[in-house]
Amino acid sequence: MLVIVVENAPPRLRGRLAVWLLEIRAGVYVGKYSRRIREMIWKQVQTGIDEGNAVIVWSTNTEAGFDFETLGPNRRIPLELDGVKLVSFLPLPASQESLEVEDEKM
Amino acid sequence: MEPILPPLKPIPIKDRISVLFVEKGQLDVLDGAFVLVDKNGVRTHIPVGGVACLMLEPGTRVSHAAAVLASRVGCLLVWVGEAGVRLYSAGQPGGARADRLLYQARLALDDAARLKVVRKMYTLRFKEEPPAKRSVEQLRGIEGARVRKMYDLIARQYRVSWKSRKYDSSEWGSGDIPNRCLSSATACLYGICEAAILAAGYAPAVGFIHTGKPQSFVYDIADIFKFETVVPVAFRIASRHPAQPERDVRLACRDMFRQTRLLHRIIPTIEEVLAAGEISIPKAHEEAVEVAIPNKEELGDAGHRG
């Protein structure tokens, strides 16, 4: 199983992904391919993503049963904990959140 | 009106990942999810419902809501010191099944039954029947010599210089590298064994070979798997002179647990070992008050409170 999710991707990349994968929701692509095909498709995403960001998930033989890779700027950053991958969610930059945070601390 | 989600239920131990170690940060619940928040406000979701046990290293704080959520989904929280020296554990209350506890206690109290259970443990562990007509005491002596030989053998196999299993539980870093790797690896194994024992509805303190410790039964069960799983892993890592022994050991243990399908095997092995005592699970006594609200068939293991 292979899932690719793109955000803010140029239409030509989205069209390209639809060549191999099924777009089940806006920017969400699924399919089932071998490792070589997966790497070929991910190369295309890396080349064509521009300002956008993308994530690819595939099932594999890890303890979690899957692995993933990300591309482009996003508030969610992969975090590895002794062999298990989790995701860290960054807070908004200080300029946008400082007031809210100050309120919470009161 | 907003739709309300159904209540949380634990899932079986075998469907989970084995252990997760977390350090530094506040464990809390945000929007119903279990999160680790660090001092910069970075949130990391931890899928507690899919983890058998969560090891909390120094530098973590746990909120009340987080402990409640861990307990609802049956994730064992283990507070560990540096290198997995245990401090305390909770988060998955044991003793949910009186019938199993009475069964375990009867097996441990009956000398003939206990000997059968101990023999079964050694059979599973050394892959052959122990010599007949020996007492538990004699078997323990035979086992001790055999274990020392196995350590020597595995150390030689991985070309590690090995003196003996020696460690000071109060002072981490005092032991040599192989001993440190072993301590780290066994800590992982003890964590999942305790989670499995609690999930199956038994008591970690009621041991058969080991006694007198809060985790006696955990050591009994862990010993069955120790030499096939974590000991070779620990020596293999030690032979590479690792810069970060703990991290490397945990990574390798995780692989080993997956390869040996350990989480699928622990609970059936516990049942098999106890069944060797040839006593049946006790029925409720006749004058017992019947349950007012019948227990529902749950997704989780027998000892999960659901």
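Residue numbers (the numbering used here), protein chains in the order written: chain A, 1 to 106; chain B, 1 to 306. Where a beta carbon is used, it is the ideal one built from N, C-alpha and C, also for glycine. Quick caveat, the model's predicted, so the values are computed rather than measured.
A Cβ of chain B is located within less than 9 Å of the beta carbon of E63 of chain A. A222 of chain B sits away from L101 of chain B, with the two beta carbons spaced by 9 Å or more. Beyond the five residues adjoining it in sequence on each side, W79 of chain B comes within less than 7 Å, by CB distance, of L56, L87, Y88 and S89 in the same chain, given in chain order. The bridge partners DSSP lists for N295 of chain B come to none. Taking a beta-carbon distance threshold of 9 Å, P73 of chain A does not count as an interface residue toward chain B. For T123 of chain B, the enclosing alpha helix (DSSP H) stretches over residues D111 to F126. In terms of Cβ geometry, A96 of chain B and A288 of chain B do not form a close pair [threshold 9 Å]. Annotation: Cβ neighbours of V87 of chain A in chain B (cutoff 8 Å, chain order): T44 and H45.
The continuous stretches of beta strand (DSSP E) do not include D152 of chain B, which lies in the alpha helix (DSSP H) extending over residues V136 to Q157. Non-local C-beta neighbours of C181 of chain B in its own chain, meaning closer than 6 Å and more than five positions away in sequence, comprise A234, I237, A238, P245 and V249, ordered along the chain. In this structure, the beta-carbon distance from E194 of chain B to C53 of chain B falls below 9 Å.
For I13 of chain B, not one C-beta of chain A is nearer than 9 Å to its own C-beta.
Judged by DSSP secondary structure, F235 of chain B falls within the alpha helix (DSSP H) whose first and last residues are V230 to A238.
Residue-level contact by beta carbon holds for D255 of chain B and chain A, with a gap shorter than 9 Å. Spatial neighbours of I4 of chain A in its own chain (CB-CB distance under 6 Å, excluding positions within 5 residues in sequence) are listed in chain order as Y29 and I56. Taking a beta-carbon distance threshold of 9 Å, V5 of chain A does not count as an interface residue toward chain B.
Our two residues, I197 of chain B and T47 of chain A, have alpha carbons roughly 51 Å apart in a direct line. Only buried fits Q215 of chain B, as 16 or more other CB atoms lie within 10 angstroms of its CB. Note that the C-beta distance between V51 of chain B and S88 of chain A is not below 9 Å. In terms of Cα proximity to I11 of chain B, the closest of B:H264, B:E23 and B:A276 is B:H264. In the three-state scheme derived from DSSP, where H, G and I count as helix and E and B as strand, H304 of chain B is classed as coil. Interface annotation, F21 of chain B: in contact with chain A, CB-CB separation under 9 Å. When the beta-carbon positions are compared, I279 of chain B and V231 of chain B stay at least 9 Å from each other. In the DSSP assignment, N179 of chain B falls within the alpha helix (DSSP H) that extends over I177 to A199.
Rounded to the nearest whole angstrom, the CA to CA distance from K296 of chain B to A94 of chain A is 49 Å. Taking a C-beta cut-off of 9 Å against chain B, none of the residues of the region 18 to 30 of chain A qualify.
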